[in-house]
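J.: Structure below; questions to follow.
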Amino acid sequence: MSLERAICTVHVCISKIAQQHPWVPFRWQLSQVFSVELGTPLPSNSDDHEWGQADVTLFEDEADGYYLNCTATTPAWFVHYRLDEELGSEARPELRFVTLSYNEAGHILDAGELVENVPIDDDTGRWLAEFAEKHFKPEPRKRRRPASFVAPAKRGNMGGSNE
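So in my numbering, the last one in the sequence shown is 239, and the numbering has no gaps at all.
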């Protein structure tokens, strides 16, 4: 992983977890994400594990989302996957997207999609923090003056009603 390239390849494991439920005997759950060297073969799928591979690219315009992630109590990988509902209990998870941005994960969740997370390792944490530190520029806070400090002619409708 390098700052110049800002991309890494990851392997994702989604595991089948047994449940004590009469109608739903199991569920799929994200179990691990780890960085690999490009060209590393993907582990074989089994009845209980579905493996996927994704490239994670860091973009400068997402630096605030990376900053939020790397300053969180537990920085995480965010993984979006789907199950084909038409296949019912035969459905296997399909990996769609892996990100390190809180904002990107939030947009996917806002669209009603499934996003799960697992903690990132220390090396990925350092890489992410370096990228966020280099590219995140906090926007200056714009203080809005209370209406009583603004000249009456300039007040207009500052969010209140003019009844």
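Ideal Cβ placement from N, Cα and C applies to all residues, glycine included.
For residue 189, which residues in the same chain have their Cβ closer than 7 Å to its Cβ, ignoring the five residues on either side in sequence?
T.: Position 113 of the sequence shown, counted from the start, is the residue given in the question as residue 189. Taken in chain order, the residues that qualify are 156.
J.: Would you say residue 139 and residue 213 are within 9 Å of each other, going by their C-beta atoms?
T.: To locate residue 139, count along the sequence shown from 1; it is residue 63. To locate residue 213, count along the sequence shown from 1; it is residue 137. Cβ atoms of residue 139 and residue 213: closer than 9 Å.
J.: Any contact between the stretch 108-120 and the stretch 157-173? By contact I mean 3 or more CB pairs, one from each, below 8 Å.
T.: With the cut-off at 8 Å, the stretch 108-120 and the stretch 157-173 do not touch.
J.: Which residues mark the beginning and the end of the beta strand (DSSP E) in which residue 131 is found?
T.: Counting from 1 along the sequence shown, the entry for residue 131 is found at position 55. Its beta strand (DSSP E) spans residues 125-133.
J.: When burial is assigned at 16 or more other CB atoms within 10 Å of the CB, is residue 224 buried or exposed?
T.: Position 148 of the sequence shown, counting from 1, holds the residue named residue 224. Counting Cβ neighbours within 10 Å, residue 224 comes out exposed, since fewer than 16 surround it.
J.: Taking all protein chains shown into account, decide if residue 133 is buried (16 or more other Cβ within 10 angstroms of its Cβ) or exposed.
T.: Indexing the sequence shown from 1 puts residue 133 at position 57. The residue is exposed, with fewer than 16 neighbouring Cβ atoms inside 10 Å.
J.: In angstroms, rounded to a whole number, what distance separates the CA positions of residue 145 and residue 177?
T.: What you label residue 145 is simply residue 69 of the sequence shown in a count that begins at 1. What you label residue 177 is simply residue 101 of the sequence shown in a count that begins at 1. If I take the Cα positions, the gap works out to 6 Å.
J.: For residue 226, count neighbouring C-beta atoms within 10 Å of its own C-beta (all shown protein chains included) and say buried if the count is 16 or more, exposed if not.
T.: Counted from its first residue, the sequence shown places residue 226 at position 150. Answer is exposed; the Cβ neighbour count stays below 16.
J.: Looking at C-alpha atoms only, which residue of 88, 87 and 102 is the closest neighbour of residue 94?
T.: Numbered from its first residue, the sequence shown carries residue 94 at position 18. With distances taken between Cα atoms, residue 94 lies closest to 102.
J.: Run through DSSP, which three-state label would residue 228 get?
T.: Locating residue 228 in the sequence shown gives position 152, where the first residue counts as 1. Three-state result, residue 228: helix.
J.: Throw me the rounded Cβ distance for the residue 90 and residue 131 pair, which I believe falls under 8 Å.
T.: Looking up residue 90 in the sequence shown gives position 14. Looking up residue 131 in the sequence shown gives position 55. Between residue 131 and residue 90 the Cβ distance is about 18 Å, and since that is not below 8 Å, they are no contact.
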